[in-house]
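According to this note's numbering, the residues represented by the sequence shown are 9 to 505, in order. All C-beta atoms in this analysis are idealised placements derived from N, C-alpha and C, irrespective of residue type, glycine included. Keep in mind that this is a model prediction, so the values were computed, not measured. To start, the structure under review is shown below, and the notes come after it.
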Amino acid sequence: PKDIFEIVIPNSWGRVKEIYKGTNEQVIVHIQDAHCNYEAQTNIANILDLLVAEYGLTVVGVEGSVGRLQTELFSTFPEDAIREQAADYFVREGKMSGMEALAIAKGFEYPLALYGIENNELYENNFNAFQASLPFKEEAKGYFRYLNKCLAQLKTPLYTPEISDIDLKQISFNINILDLNTYALYLAQLLEKRQLDISKYPNFAKLIKAINIEEKIDFIKAEEERTKLLTELTNVLSEEDVRKLLDKGLAFRDEKLSASRYLGFIKELAKANEVDFNQHINLDNYIEYAQSYDEIKSFELFNEMEEVDLALRSKLYANETQKKLDFLMRGLRVMERMVDIKMVNKDLAFYNEHKEELKTDKYIAFINEQAEKFGIKIDLPDISYLDVYMPAWADFYRVAGLRDEAMISNTLQAIAGSGSKIGAMVTGGFHTRELTRMMLERNLSYIVITPRITKNIPGPYFDRLTGKKSPLDLFMEEMNAVVPVKEAVEENAQKIN
9 PKDIFEIVIP NSWGRVKEIY KGTNEQVIVH IQDAHCNYEA QTNIANILDL LVAEYGLTVV
69 GVEGSVGRLQ TELFSTFPED AIREQAADYF VREGKMSGME ALAIAKGFEY PLALYGIENN
129 ELYENNFNAF QASLPFKEEA KGYFRYLNKC LAQLKTPLYT PEISDIDLKQ ISFNINILDL
189 NTYALYLAQL LEKRQLDISK YPNFAKLIKA INIEEKIDFI KAEEERTKLL TELTNVLSEE
249 DVRKLLDKGL AFRDEKLSAS RYLGFIKELA KANEVDFNQH INLDNYIEYA QSYDEIKSFE
309 LFNEMEEVDL ALRSKLYANE TQKKLDFLMR GLRVMERMVD IKMVNKDLAF YNEHKEELKT
369 DKYIAFINEQ AEKFGIKIDL PDISYLDVYM PAWADFYRVA GLRDEAMISN TLQAIAGSGS
429 KIGAMVTGGF HTRELTRMML ERNLSYIVIT PRITKNIPGP YFDRLTGKKS PLDLFMEEMN
489 AVVPVKEAVE ENAQKIN
């Protein structure tokens with residue numbers, strides 16, 4: 009098998025987002041699942057098939073299931089085309105994943121086993137918590153919008169010009185008026201002005217480094233230097249190294265390999281063969297620039313940028329009222345992310361630490377007091393139901409964290425049982441932040457891959473979760489044709505044998 013840490017996948021299927029090489033021999037390839045998105049499921053199947061063929065993958069851990077998935081049962085159907093068409097239909101309907109369809113289509117001899125990696129009790133508890141909170145989602149978001157509007161009216165009389173400027177820049181960035189580089193440089197300049205240490209925010213620091221390097225690069229000359237360097241290398245490389253260089257070049261051309269990995273390989277070859285790199289300054293800067301960008305963890309970057317914003321504001325508060333307004337605004341953002349299933353671990357920690365201070369009576373008291381003080385007319389509706397809704401969402405996240413721990417442990421167990429050193433773990437992207445954090449803490453080797461999605465077509469995922477039936481479900485019920493599938497397939501298998 010090929011080296012999994014050198015994994016290359018076609019850009020049309022997806023991309024490698026992160027590679028971490030820990031001390032453990034086992035490697036988890038975490039593929040982010042977009043549930044019930046047909047394009048994503050097709051690409052996940054392609055990625056898994058590649059991992060089986062070229063990297064020795066034999067086992068996949070599956071979210072939402074417990075124990076071995078018996079896909080072999082479906083392989084008893086003798087007609088390959090009919091079996092594949094049926095599997096494809098169920099993938100489109102959101103009743104089957106791409107990996108299940110892959111295993112069914114490939115048949116008995118395909119060396120890939122699918123294992124459910126859930127703890128059944130935790131999964132049921134998490135599902136029930138989700139179901140309990142879902143009916144209140146839109147109502148809660150309506151309350152959040154109203155609270156945002158009320159608090160925003162208090163910014164003008166309460167904020168200093170400096171805080172107002174920081175706040176305006178943050179809002180402009182959040183609604184895509186201000187681009188990432190411009191906003192990041194603005195924050196970096198304020199950090200320097202306030203003598204705050206940028207190294208506390210490693211991903212943000214890497215972004216600033218990359219932006220600063222970019223300003224020094226003549227990209228046309230960098231390409232000229234790359235061409236010249238390749239010519240120099242071909243004159244000194246062994247036949248084997250020339251072949252490797254050509255393979256990397258083709259992978260880069262076909263968008264299977266990132267620029268940083270391709271150019272980094274060229275630089276290592278140059279060093280190993282004592283080719284003078286000092287004559288290629290623009291290319292060297294470009295390589296450093298590309299590698300800096302590749303090292304940035306996007307989830308962590310945006311968390312750190314929010315932390316930078318908070319650190320800067322804390323240096324500018326003139327009174328406790330300004331601080332309280334920003335605290336309540338932050339609490340509102342955290343609760344909005346909670347309801348939208350976008351919360352990260354630090355958000356949950358913040359909510360759990362301050363949940364009493366984030367009760368609706370605290371918001372109402374602050375808004376009414378400040379509105380009266382500044383002569384602002386605000387009529388607040390009854391928002392007390394939020395105090396009932398939010399604990400249900402918090403419980404959903406609490407149990408989700410326990411599920412993440414169980415999924416890692418069960419995936420490692422499945423890998424150990426397979427006799428291989430690598431295994432895949434396919435879960436929703438919601439779990440990625442916590443899964444990667446936990447794997448880093450354990451110093452586990454992992455690779456994160458996201459499937460390519462070009463069509464944002466609404467899938468039937470939430471219909472499946474909420475029990476909404478498809479036309480096929482209704483038709484089968486009307487025809488009284490709902491048959492236990494496992495028994496039917498086993499009966500068919502006996503007839504064939």
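Cβ-based burial, residue i [other Cβ within 10 Å; buried from 16]
i: residue 326; result: exposed
i: residue 306; result: exposed
i: residue 434; result: buried
i: residue 318; result: exposed
i: residue 202; result: exposed
i: residue 339; result: buried
i: residue 196; result: buried
i: residue 369; result: exposed
i: residue 419; result: buried
i: residue 490; result: The predicted model places residue 490 with a pLDDT of 42, which falls under 50 and marks its position as unreliable, so this point remains unresolved.
i: residue 387; result: exposed
i: residue 404; result: buried
i: residue 243; result: exposed
i: residue 483; result: Residue confidence is low: residue 483 scores 40 on pLDDT, short of 50, so the model does not pin down where it sits. No coordinate-derived value is stated.
i: residue 14; result: exposed
i: residue 95; result: buried
i: residue 45; result: buried
Cβ-based neighbour list, residue i, same chain, cut-off 8 Å, excluding 5 preceding and 5 following
i: residue 311; result: 352 and 354
i: residue 192; result: 212, 215, 216, 219 and 313
Which listed residue (the options) has its alpha carbon closest to that of residue i
i: residue 362; options: 342, 375 and 373; result: 342
i: residue 415; options: 129, 272 and 335; result: 129
i: residue 141; options: 406, 401 and 175; result: 401
i: residue 57; options: 45, 112, 99 and 26; result: 112
i: residue 10; options: 46, 45, 42 and 60; result: 60
i: residue 222; options: 13, 40 and 293; result: 293
i: residue 274; options: 246, 284, 302 and 238; result: 238
i: residue 160; options: 379, 455, 454 and 63; result: 379
i: residue 391; options: 366, 449, 276 and 408; result: 366
i: residue 47; options: 247, 100, 334 and 443; result: 100
i: residue 240; options: 315, 117, 462 and 284; result: 284
Extent of the continuous alpha helix (DSSP H) run through residue i
i: residue 221; result: 210-222
i: residue 362; result: 353-362
i: residue 432; result: Where residue 432 is concerned, there is no enclosing alpha helix (DSSP H), although the beta strand (DSSP E) it sits in stretches over 430-436.
i: residue 148; result: 145-166
First through last residue of the beta strand (DSSP E) which encompasses residue i
i: residue 23; result: 22-28
i: residue 458; result: 453-459
Sequence-distant residues of its chain with Cβ nearer than 7 Å to residue i (five each side left out)
i: residue 439; result: 412
i: residue 16; result: 259, 264 and 265
i: residue 22; result: 51, 55, 457, 458, 459 and 460
i: residue 20; result: 460
i: residue 358; result: 342
i: residue 144; result: 397
i: residue 309; result: 211, 212 and 215
i: residue 104; result: 95 and 98
Own chain partners of residue i with C-beta closer than 6 Å, once the 5 adjacent residues on each side are dropped
i: residue 451; result: 30 and 31
i: residue 18; result: 264
i: residue 426; result: 66 and 67
i: residue 199; result: 206
i: residue 158; result: 375 and 386
is_contact[residue i, chain B] using C-beta, thresh 8 Å
i: residue 359; result: Looking at the structure shown, chain B is missing, and only one protein chain is on hand.
Problem - Stretch pair the stretch 256-273 + the stretch 285-303: three plus CB contacts closer than 8 Å - result: Yes, since at least three Cβ pairs between the stretch 256-273 and the stretch 285-303 fall closer than 8 Å, the two stretches touch.
Practice task
Say whether the stretch 106-123 touches the stretch 67-77, bearing in mind that this needs 3 or more beta-carbon pairs closer than 8 Å, one atom from each stretch.
Solution key: Short answer: they touch.
Exercise for the section: Count the CB pairs spanning the stretch 220-233 and the stretch 249-256 that are closer than 8 Å, and state whether there are at least three. Expected result: Judged by pairs of C-beta atoms under 8 Å, the stretch 220-233 does not touch the stretch 249-256, as fewer than three such pairs exist.
Problem - Touch test, the stretch 148-160 against the stretch 379-397, Cβ-Cβ under 8 Å, three pairs minimum - result: Flag = yes, the stretch 148-160 and the stretch 379-397 touch.
Problem - Inter-stretch contact (C-beta, 8 Å, three-pair minimum) for the stretch 278-290 and the stretch 230-246 - result: Contact between the stretch 278-290 and the stretch 230-246 is present, because at least three Cβ pairs lie under 8 Å.
Exercise for the section: State whether the stretch 425-434 contacts the stretch 35-42, with contact taken as three or more CB pairs (one from each stretch) at a distance under 8 Å. Expected result: With a cut-off of 8 Å, the stretch 35-42 and the stretch 425-434 count as touching, because enough Cβ pairs lie within range.
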